[in-house]
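Asks: After the structure tokens below, expect a handful of questions from me.
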Amino acid sequence: MNSNLKKLIRCLSDGKFHSGAKLGEALGITRSGVWKLTQQLSTLGIEVESVIGKGYCIPDGLSLLSLPKIKNHINKNYLKQIKKIKLFDQIDSTNNYLIELARKLSANKRNEIYVCLAEQQSAGKGRLGRKWVSPFGANLYLSMLWSFTKDISGLGLVVATTITDTLELIGIKNIGLKWPNDVLWQKRKLAGVLIEVSSEAYGIGNAIIGIGLNVAMPVRAGASIDQPWVDLRAITDELQDRNRLAGLLINNLAQNLSLFRQKGLKAFMQKWRRLDVCMNQPVCVITPNNKVCGVAKGIDEHGRLRLENKAGKITTFSSGEISLRI
């Protein structure tokens, strides 16, 4: 991203109108140059309002990410566990960045935590090969590289409950969890998780934990999402501080992953079961090979979905996608 475009975004991030003349003066370009730059913002998914006599504004503004501000919300003990937090303006995928990094790490560095965030993803990924809509400066796109030596069955459930911990800290209520790791608010998707495991070496594996959290999704970008969704701005009627959200989420991930390493999934079962929106509901489990319908009966000790058929037989699923049949 060129420096003038970056400066323009920062100028307009306050949500107020700025005249073309003032913007041109701040950027050292002509008013015509300012207009050309504003046209580029739409390609980033940023909606800009232009009014004659008033100038340009980004309605409601943007909460731009800042590493120092993010770190202010991370406990010092957990911050010590994190080798590096990398922030990009634009990237293909925060998960892809950490997958490549994991391949380059030497064995003695594989127990360190790395975090990657971006203002925008050009190829954000969801489960089952879906695209994760990632407009600039609107939501949280965060990935964490975490090493493991034991069974990590149920890791996605741990991450989903960690997201709910973070949302509850900022006062969000009525959150639900849908197996395997979707975070819902009133049956609409608020956040999703994609975990990719890299190759193991020296008995140590790497999990790349990708999280997408809708904070302030622009209407135009949201129109391309093919399922019911919601963002924090709609829930709270205000623009949330993404730096605080990112810091709290990183902090809670470091804390809960440490707990998961020590005690396993059982430390998180109670919370999952309390928030499970599928429990005792008719559902269909969709896998790459087939679709199986029945009644959801919660999860077992490994985080697998328990599905009861009409004959009362229980089948477990370790992966797949749930379609609620309510």
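Note that the numbering used here has the sequence shown beginning at -19, numbered continuously upward. Just so it is clear, CB atoms sit at the ideal spot from N, CA and C, and this is done for glycine as well.
Rank N289, L233, G227 by C-alpha distance to the C-alpha of P48 and give the top, closest one.
Replies: Walking along the sequence shown from the start, residue 48 turns up at place 68. The shortest C-alpha separation from P48 is found at G227.
Asks: Across the stretch 183 to 200 and the stretch 8 to 28, are there enough close Cβ pairs to call them in contact, namely three or more that are closer than 8 Å?
Replies: Flag = yes, the stretch 183 to 200 and the stretch 8 to 28 touch.
Asks: I'd like the span of the beta strand (DSSP E) that includes E80, first residue to last.
Replies: Translated into positions along the sequence shown, residue 80 becomes position 100. Not the beta strand (DSSP E): E80 falls in the alpha helix (DSSP H), residues 74 to 84.
Asks: For D162, count neighbouring C-beta atoms within 10 Å of its own C-beta (all shown protein chains included) and say buried if the count is 16 or more, exposed if not.
Replies: Along the sequence shown, one-based indexing puts residue 162 at 182. Counting Cβ neighbours within 10 Å, D162 comes out buried, since at least 16 surround it.
Asks: Is it buried or exposed for G151, if we count other Cβ within 10 angstroms and need 16 for buried?
Replies: Here the question's residue 151 lines up with position 171 in the sequence shown. With fewer than 16 other Cβ atoms within 10 Å, it is exposed.
Asks: What's the gap between the Cα of I306 and the Cα of I205?
Replies: Your numbering for residue 306 matches position 326 in the sequence shown. Your numbering for residue 205 matches position 225 in the sequence shown. With a pLDDT of 44 at I306, under the threshold of 50, the predicted position of this residue should be treated as unreliable, though the coordinate-derived value follows. If you take the alpha carbons of I306 and I205, they lie about 21 Å apart.
Asks: Of the choices N232, W159, A247, whose alpha-carbon is the least far from that of R286?
Replies: On the sequence shown, residue 286 is found 306 positions in, with the first residue counted as 1. Here the closest residue by C-alpha is W159.
Asks: Pull the bridge partners of D217 from the DSSP assignment, please.
Replies: Working through the sequence shown from its first residue, we reach residue 217 at position 237. Note: D217 sits in no beta bridge, so no partner.
Asks: Got a sec, what are the start and stop residues for the beta strand (DSSP E) P262 sits in?
Replies: Position 282 of the sequence shown holds residue 262. P262 -> beta strand (DSSP E) spans 262 to 266.
Asks: Can you tell me the Cα-Cα spacing of H282 and K243, whole angstroms?
Replies: For the purposes of this step, residue 282 is identified with residue 302 of the sequence shown, where counting begins at 1. For the purposes of this step, residue 243 is identified with residue 263 of the sequence shown, where counting begins at 1. Straight-line Cα distance between these residues: approximately 13 Å.
Asks: Just to confirm before moving on: does the CB-CB distance between L304 and C258 stay below 8 Å?
Replies: Position 324 of the sequence shown, counting from 1, holds the residue named residue 304. Position 278 of the sequence shown, counting from 1, holds the residue named residue 258. Result yes, Cβ atoms of L304 and C258 sit closer than 8 Å.
Asks: Taking the C-alpha atoms as reference points, what is the distance between N194 and V138?
Replies: Within the sequence shown, numbered from 1, the residue matching residue 194 stands at position 214. Within the sequence shown, numbered from 1, the residue matching residue 138 stands at position 158. Each residue's Cα considered, the two are about 19 Å apart.
Asks: Alpha carbon to alpha carbon, how far is Q61 from F128? Give it in angstroms, no decimals.
Replies: Against the sequence shown, residue 128 aligns to sequence position 148. Against the sequence shown, residue 61 aligns to sequence position 81. Their Cα atoms are separated by approximately 14 Å.
Asks: What did DSSP end up calling I306 once you bin it into helix, strand or coil?
Replies: Here residue 306 corresponds to residue number 326 of the sequence shown, with the count starting at 1. Low confidence applies to I306: its pLDDT is 44, below 50, so where it sits in the model is not reliable enough to give any reading.
Asks: Which first and last residues belong to the alpha helix (DSSP H) in which W159 is found?
Replies: Against the sequence shown, residue 159 aligns to sequence position 179. Careful: W159 lies outside any alpha helix (DSSP H) and carries neither H nor E.
Asks: With a threshold of 16 other CB atoms inside 10 Å of the CB of T144, please say whether the residue is buried or exposed.
Replies: Locating residue 144 in the sequence shown gives position 164, where the first residue counts as 1. It is buried - the Cβ of T144 has at least 16 other Cβ atoms within 10 Å.
Asks: Just to confirm my understanding: we take T142, look at its own chain, exclude 5 residues before and 5 after, and list those with CB closer than 6 Å. What are they?
Replies: The count along the sequence shown starts at 1 and reaches residue 142 at position 162. The answer, listed in chain order, is N232, L233, N236.
Asks: Under three-state DSSP, which class holds Q19?
Replies: Locating residue 19 in the sequence shown gives position 39, counting from the first residue. Reduced to three states, the DSSP call for Q19 is helix.
Asks: Are the beta-carbon atoms of A82 and N186 separated by less than 8 Å?
Replies: Your numbering for residue 82 matches position 102 in the sequence shown. Your numbering for residue 186 matches position 206 in the sequence shown. Contact flag set, yes.
Asks: Would you be able to state if there are at least three C-beta pairs under 8 Å between the stretch 4 to 20 and the stretch 50 to 57?
Replies: They do not touch, by the three-pair rule.
Asks: In three-state DSSP terms, what is I188?
Replies: Within the sequence shown, the letter at position 208 stands for residue 188. DSSP places I188 in strand when its eight states are reduced to three.
Asks: What residue does the alpha helix (DSSP H) around R222 start on, and which one ends it?
Replies: As a first step, residue 222 must be located in the sequence shown, where it is residue number 242. Note, R222: alpha helix (DSSP H), 222 to 243.
Asks: Hey, is the stretch 166 to 174 in contact with the stretch 96 to 112, meaning 3+ C-beta pairs nearer than 8 Å?
Replies: Segments in contact, yes.
Asks: Where K130 and G192 are concerned, what is the direct C-alpha to C-alpha distance, given to the nearest angstrom?
Replies: Counting from 1 along the sequence shown, the entry for residue 130 is found at position 150. Counting from 1 along the sequence shown, the entry for residue 192 is found at position 212. So the two alpha carbons sit approximately 26 Å from each other.
Asks: Taking a contact to mean a Cβ-Cβ separation below 8 Å, would you say F297 touches V265 in this structure?
Replies: Taking the sequence shown and counting its residues from 1, one reaches residue 297 at position 317. Taking the sequence shown and counting its residues from 1, one reaches residue 265 at position 285. Contact: yes.
Asks: Based on DSSP bridge pairs, tell me the residues matched to G100.
Replies: Position 120 of the sequence shown, counted from the start, is the residue given in the question as residue 100. Checking the sequence shown, residue 100 turns out to be Gln, not Gly. Q70, per the DSSP bridge assignment.
Asks: Measure the CB-CB distance between K63 and C96 and report whether it falls below 8 Å.
Replies: Within the sequence shown, numbered from 1, the residue matching residue 63 stands at position 83. Within the sequence shown, numbered from 1, the residue matching residue 96 stands at position 116. Contact: no.
Asks: Among residues of its own chain, excluding the 5 on either side of L247, which ones have a beta-carbon nearer than 6 Å to its beta-carbon?
Replies: Taking the sequence shown and counting its residues from 1, the one referred to as residue 247 is at position 267. It is worth fixing the name first, because residue 247 is Ala in this sequence and not Leu. The answer, listed in chain order, is L239.
Asks: Using 8 Å as the threshold, is the C-beta distance between S73 and A103 below it?
Replies: Reading the sequence shown from its first residue, position 93 is the one you call residue 73. Reading the sequence shown from its first residue, position 123 is the one you call residue 103. Going by C-beta atoms, S73 is nearer than 8 Å to A103.
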